[in-house]
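In our numbering, each residue's number is its place in the sequence shown (first place is 1) plus 975. Note that the Cβ used here is the ideal one computed from N, Cα and C, for glycine as well.
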Amino acid sequence: MDTKLLKTFLTVAETESFHRAADRLNITQAAVSSRIRALEDELDVELFLRGAGGTRLSDAGTYLRPYAEQMLANWQQIKGSIGRRFTNRLALRIGCQLSIWDPLLVELTIWTERTLGKLPLTLNFDHESNTIELVRKQLLDLTISNEQALGTRLDSVPLPPERMILVSGQPCRVSDPDLPLFINFQLGPQYDAATADLLGERPGHIFLSNASMGLTYLRRRGGMAYCPFRMVAEALEQRQLFKVEGAQEFSLDRFAVYDPQGASGELVEQVLPGLLEVAGG
């Protein structure tokens, strides 16, 4: 069985369109049609009904769909675990929910290479997705999240909280009438609640969900932003940035979330000590 055929079948079933499936898979519509025809020939059934109302599953297609989903999930698990089990290397997919933790993934990679002598790690910097859900779907093996995975089979290991301080491109106090432009990193509900009292209804915010981009903007154009202390400690020491006097500090929760019963559970537990180490540094 060619797994591309199953993936194409499921994409057409989800999008209810050969054209939309082709766009999502980044192939031609003719290739989609060819794959579906090959699968139908192999199974000797018609999987889709095509008409003026669009494309919908036939009875045979409806019957096949859950089996196809399970077969692909099983194949992904086998594919992801067999190389790890029979070679002397790690092969983990690690992500983080918030952009302020991108550097931690890099530090963890360095720790893994130096301490365990094993690579590679695949680092995921997609901050639009729910990374806990990606772990649940086995698309990630480990994620750093600001939320716990409650009520699931996943484990949430507490990491040291992230110390957040308000910094500016110029010396100032939080009581100043004309504070610099606030650069909002959009770091979730806990961050929003902690910054609400300071910001109130004052205008002039700029939203940059990537913290590294936000810091670059702050350095070049000025402004102020709540940042992890570890990201700005050197700049503060060199007086390239300044702590806004009188601004309250706060902490963001952090958790390492993974599936201990998953195919990569044992491998994740090899790197967890490193994550705890670099997160506490």
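Please state if the CB of residue j and the CB of residue i are separated by a distance shorter than 8 Å.
i                  : j                 : result
phenylalanine 1023 : serine 1033       : yes
arginine 1229      : alanine 1254      : yes
leucine 1014       : phenylalanine 993 : no
threonine 1084     : lysine 1093       : no
glutamine 1004     : glutamine 1051    : no
leucine 1109       : threonine 1118    : yes
glycine 1264       : leucine 1079      : No answer is possible for residue 1264: the residues shown for the chain start at 976 and end at 1256.
arginine 1148      : valine 1219       : yes
glutamate 1021     : alanine 1043      : no
Assuming residue i and residue j make a contact with CB atoms under 8 Å, what is their CB distance in whole Å?
i               : j               : result
glutamate 1161  : serine 1187     : This sequence places glutamine at residue 1161; glutamate is not what is there. Contact doesn't hold; Cβ gap of about 14 Å is too wide.
asparagine 1099 : arginine 1068   : 6 Å
leucine 1227    : glutamate 1137  : 4 Å
cysteine 1071   : methionine 1139 : Not confirmed; about 16 Å, so no contact.
leucine 1156    : glycine 1198    : 4 Å
leucine 1000    : valine 1007     : 7 Å
threonine 1037  : valine 987      : Incorrect: roughly 13 Å between the Cβ atoms, too far for contact.
leucine 1039    : serine 1143     : Their Cβ separation, rounded to whole angstroms, is 59 Å, which puts leucine 1039 and serine 1143 out of contact at 8 Å.
leucine 1251    : leucine 1115    : Incorrect: roughly 18 Å between the Cβ atoms, too far for contact.
aspartate 1130  : proline 1235    : 5 Å
Tell me where the alpha helix (DSSP H) around residue i begins and ends.
i              : result
glycine 1070   : Here glycine 1070 belongs to no alpha helix (DSSP H); instead the beta strand (DSSP E) covers 1067 to 1071.
valine 1243    : 1240 to 1254
threonine 1090 : 1077 to 1090
alanine 1222   : First-last for alanine 1222: undefined, no H or E at that position.
Specify the secondary structure class of residue i as computed by DSSP and reduced to three states.
i                  : result
serine 1008        : helix
leucine 981        : helix
proline 1041       : helix
arginine 1111      : helix
serine 1033        : coil
phenylalanine 1023 : strand
serine 1074        : helix
phenylalanine 1061 : Any reading at phenylalanine 1061 is ruled out, since the residue's pLDDT is 49, under 50, leaving its predicted position unreliable.
asparagine 1099    : strand
glutamate 1017     : helix
Taking the beta strand (DSSP E) that residue i belongs to, which residues open and close that run?
i               : result
leucine 1227    : 1225 to 1233
leucine 1216    : First-last for leucine 1216: undefined, no H or E at that position.
isoleucine 1119 : 1117 to 1120
Write down every uninterrupted run of the beta strand (DSSP E) in the segment 1125 to 1200 whose length is 3 residues or greater and which is fully enclosed by it, in chain order.
1130 to 1143, 1157 to 1159, 1180 to 1182
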